[in-house]
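The UniProt record's numbering puts the last residue of the sequence shown at 341; the count rises by one with no breaks.
Every residue, glycine too, gets a C-beta built ideally from N, C-alpha and C.
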Amino acid sequence: MELTFADIQAAHDVVRRHLPPTPLWSYPLLDRELGTSVLVKHENTQPVGAFKVRGGLTLLDALPEADRARGTVTWSTGNHAQSMAYASHLYGARCTVVMPANASPGRAAAVEAWGGRVVLTGATLEEACRHAERLAADSGARLVSPGDTPELLAGVGTVYLEILQQRPEVDVIVVPVGSGTGAAGACLVAGALAPGCAVIGVQSAASPAAHDSWRAGELLARPNRSTVAGLATGRGYALPQRVMRAGLADFLLVTDDEIGAARRLLATAAHTLAEGAGAAGIAAVLSRPDLFAGRSVAVVCTGGNADRSELDTLVDRREEDEPLATAGISVGGQSVTFRTF
Ligand SMILES: *Cc1c(COP(=O)(O)O)cnc(C)c1O
């Protein structure tokens, strides 16, 4: 099945029955730091805290009644899991998610809170995938690939429909990439509505499988060392890679440290709590100002599910120890020095 823009339009009808469009805001302080004008699309405000909810709703809506009763099995480090659990809850379907054993406890708890079943197993996402395949084969449940399922891609593409309907003048959209469904959806929408608008993908340099697959024009497996859930995939996925090959203008890599700096900037300049993956687009603009200067940029804050360790690292203690300036005054003949931050 080849996906088209019409599939994304149809998905939008489904998504709009459940969710209002998310805000698209600009922030003068953020623009000043980034050196260009940036619109932030706030998918962190979704009920499950990430854009993937749009894919889950679109898939469950399309699922025949018998399949809903048998249920689905999928694998995920977090947000796709929550999306499937949320949508399955709304559509009265069973849902099982296999997560790697080291998945964040908060993310697993969120899936269970929506009524999903969590199976924690495997050292990596690839091992979790193998286990999900076995579970589906044994139970007759439908196996849902987070990357290669057309309904998921059509659903997440609705983010870009909202951006370009609201602001047709945008000329660059920056999209964090893990499997590539979001970026592929962006390519289909921009191709139909704004052919002059460049879609740029961003992945972590510590997990470059989607980036390297796109550059090489073939599906590659790569080391998967990023701590940024959502961007940390170990291989390219065929369906999104095919769409991105035709439509993506560029693909950038950022370091996990640059993503950390972008999370702090979103917190201070845009009162936004982003998880790492949600800040990767801002990290790309921060790291390549030359590329974005003078353009009208939209960046998707894809998610806000910062887990405990991401909350702990939101404040950079090294920065805290270094005062921006030291001032001295004289009080009653005594010299007093204090630091400003
Ligand atoms: C899944 C995810 C991504 C990557 O999206 P893909 O469609 O897999 O490329 C980016 N950000 C967040 C918050 C995610 O959950």
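| said: Taking 9 Å as the threshold (C-beta atoms), are Ala93 and Gly78 in contact? | reply: Cβ distance not < 9 Å, so Gly78 and Ala93 don't count as in contact.
| Does DSSP put Ser139 in a helix, a strand or coil? | helix
| field | Thr58 versus Ala103, Trp25, Gln46 and Asp7, residue with shortest Cα-Cα distance | value | With distances taken between Cα atoms, Thr58 lies closest to Asp7.
| request: Name the two residues that bound the continuous alpha helix (DSSP H) containing His89. | output: Asn79 to Tyr91
| query | Run through DSSP, which three-state label would Gln203 get? | reply | strand
| task | Decide if Leu29 is buried, meaning its Cβ has at least 16 other Cβ atoms within 10 Å, or exposed. | result | With fewer than 16 other Cβ atoms within 10 Å, it is exposed.
| task | Apply the 10 Å Cβ neighbour rule to Arg16 and answer buried if 16 or more other Cβ atoms are within range, or exposed otherwise. | result | exposed
| field | Buried or exposed (CB count within 10 angstroms, at least 16 for buried), His226 | value | Checking the sequence shown, residue 226 turns out to be Ser, not His. The residue in question, Ser226, is buried, as its Cβ has 16 or more Cβ neighbours within 10 Å.
| task | Could you give the DSSP three-state label for residue 419: helix, strand or coil? | result | What the structure shows of the chain is the stretch from 1 to 341, and residue 419 is not part of that stretch, so it cannot be assessed.
| request: Determine the extent of the alpha helix (DSSP H) in which Pro28 is found, giving its start and end residues. | output: Pro28 to Leu34
| At what residue ranges does the stretch 164-228 contain a whole run of the alpha helix (DSSP H), taking only runs of 4 or more? | 181-193 and 209-216
| query | Can you name the start and end residues of the alpha helix (DSSP H) that Arg295 belongs to? | reply | No alpha helix (DSSP H) contains Arg295, which DSSP labels as neither H nor E.
| message | What residue range does the alpha helix (DSSP H) around Val243 cover? | response | Ala238 to Gly247
| query | Hey, how far is the Cα of Arg263 from the Cα of Tyr86? | reply | 26 Å
| request: For the alpha helix (DSSP H) containing Ser287, list its first residue and its last residue. | output: Gly276 to Ser287
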